[in-house]
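Written out below as structure tokens is the structure these notes cover.
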Amino acid sequence: MIHLAQRFRDYLARKRQQQIARQFREGGYKPWTPGYDVYKWETIAQLIHSGRPFSEVLGTERFGYRIDERIVEYGWLFDRLTPAAGAMLDAGSALNFWTIVNHPKITSKRLVISTLAPESAAYWNLGISYVYEDLRQTCLRDEAFDTIVSISTIEHVGMDNTMLYTSDQRLAENAPDEYLPFLDVLRRLLKPGGKLFLSFPYGRRKNHGWFQV
42 MIHLAQRFRD YLARKRQQQI ARQFREGGYK PWTPGYDVYK WETIAQLIHS GRPFSEVLGT
102 ERFGYRIDER IVEYGWLFDR LTPAAGAMLD AGSALNFWTI VNHPKITSKR LVISTLAPES
162 AAYWNLGISY VYEDLRQTCL RDEAFDTIVS ISTIEHVGMD NTMLYTSDQR LAENAPDEYL
222 PFLDVLRRLL KPGGKLFLSF PYGRRKNHGW FQV
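Numbering of the sequence shown is given in this note's numbering, commencing with residue 42 and proceeding in unit increments.
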């Protein structure tokens, strides 16, 4: 009976999410309006579970329409990840979302998430380990990881991270070259022959205070 009640609650929750996503579509797909987040993660889930080559999907009409850059970054990443076991580091906590951590290419690995401060979501029940630190002074040992993923993180290193990510005033920095020591740490943490998946914004160079291009 308890199992049935939980399944029914899950069904109602999914139905509500579908209604919210539909409202977003009917409202003209305006980013960051009610329903955007549901629509975004629904679309990302469809993409990373589709099994289609990302290069093929990327060229389709309205791909990623009205969704932020994560639709491209996750699509690119999961197209290249394998389901092989191994130790994986998420440097920056871009993977710390239910849709992502439940993917078979993630659950097959021993995932460690390194980020500046605790977040509202934590999936210890899935065996994920969390380290709250400035990765430039990491407690992790050298050559510990087969795979390192750092999605849209390097552009924030050495910048003012108190705007969104932590209340630690020591991290209200303006040291744009600090991405270099960060890269050196990633190099040291990666096993010989390991894989690093790194994404960042590009374009005309500019310091925006909390991130840089």
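Every residue, glycine too, gets a C-beta built ideally from N, C-alpha and C.
Predicted, not measured: the structure shown is a model, and the values here were computed from it.
For T188 versus M129, is the C-beta distance shorter than 8 Å? What you label residue 188 is simply residue 147 of the sequence shown in a count that begins at 1. What you label residue 129 is simply residue 88 of the sequence shown in a count that begins at 1. Cβ distance < 8 Å, so T188 and M129 count as in contact.
Neighbourhood of L176 by C-beta distance below 7 Å, restricted to the same chain and skipping five residues each side: Taking the sequence shown and counting its residues from 1, the one referred to as residue 176 is at position 135. Excluding positions up to five away in sequence, the list reads A132, S155, F223 and V226.
Does any heavy atom of the ligand NAP sit closer than 7 Å to the C-beta of R229? Absence of the ligand NAP is noted for the structure shown, with no ligands found whatsoever.
In the DSSP assignment, what residue or residues form a beta bridge with S191? Locating residue 191 in the sequence shown gives position 150, counting from the first residue. Looking at the DSSP assignment, S191 forms a beta bridge with L239.
Using the Cα positions of I147 and L230, report the straight-line distance between them to the nearest angstrom. The sequence position of residue 147 within the sequence shown is 106, counting from 1. The sequence position of residue 230 within the sequence shown is 189, counting from 1. Cα-Cα distance, rounded: 19 Å.
Decide yes or no for the touch test of the segment 178-196 against the segment 161-170: beta carbon pairs closer than 8 Å, at least 3 of them. no
Rounded to the nearest angstrom, what separates A185 and F238 at their Cα positions? Counting from 1 along the sequence shown, the entry for residue 185 is found at position 144. Counting from 1 along the sequence shown, the entry for residue 238 is found at position 197. Spanning the two alpha carbons is a distance of roughly 16 Å.
Per DSSP, what kind of secondary structure is A46 in: helix, strand or coil? Translated into positions along the sequence shown, residue 46 becomes position 5. Helix at A46.
Less than 8 Å between the C-beta atoms of D218 and G199, yes or no? As a working note, residue 218 is residue 177 in the sequence shown. As a working note, residue 199 is residue 158 in the sequence shown. Taking 8 Å as the Cβ cut-off, D218 and G199 qualify as a contacting pair.
Alpha helix (DSSP H) runs wholly inside the segment 84-154, at least 4 long, in chain order: 95-99, 111-121, 139-142 and 145-148
Please list the segments of the beta strand (DSSP E) lying wholly inside the segment 169-226, counting only runs of 3 or more residues, in order along the chain. 170-173 and 186-192
Beta-carbon gap between V79 and A54 smaller than 8 Å: The count along the sequence shown starts at 1 and reaches residue 79 at position 38. The count along the sequence shown starts at 1 and reaches residue 54 at position 13. No; because the gap between Cβ atoms is not below 8 Å, this pair is not in contact.
Within this structure, are the beta carbons of T140 and A86 separated by less than 8 Å? Taking the sequence shown and counting its residues from 1, the one referred to as residue 140 is at position 99. Taking the sequence shown and counting its residues from 1, the one referred to as residue 86 is at position 45. A contact, by the Cβ cut-off of 8 Å.
Is it the case that the Cβ atoms of E114 and S134 are separated by a distance below 8 Å? Start at 1 with the first residue of the sequence shown, and residue 114 comes out as number 73. Start at 1 with the first residue of the sequence shown, and residue 134 comes out as number 93. Not closer than 8 Å, so no.
Could you tell me whether the Cβ atoms of V98 and G116 are closer together than 8 Å? Numbered from its first residue, the sequence shown carries residue 98 at position 57. Numbered from its first residue, the sequence shown carries residue 116 at position 75. In contact: V98 and G116 (Cβ atoms closer than 8 Å).
Taking C-beta to C-beta, are P24 and R111 nearer than 8 Å? The structure shown has nothing for residue 24, since the chain only spans 42 to 254.
From the DSSP output, read off the bridge partner residues of T156. On the sequence shown, position 115 is the one that residue 156 refers to. In the DSSP output, where bridge partners are listed per residue, T156 has Y173.
Residues of its chain near L88, where Cβ-Cβ distance is below 6 Å and the 5 sequence neighbours each way are ignored: If you number the sequence shown from 1, residue 88 lands on position 47. Counting only Cβ-Cβ distances below 6 Å, and skipping sequence neighbours, we find G116.
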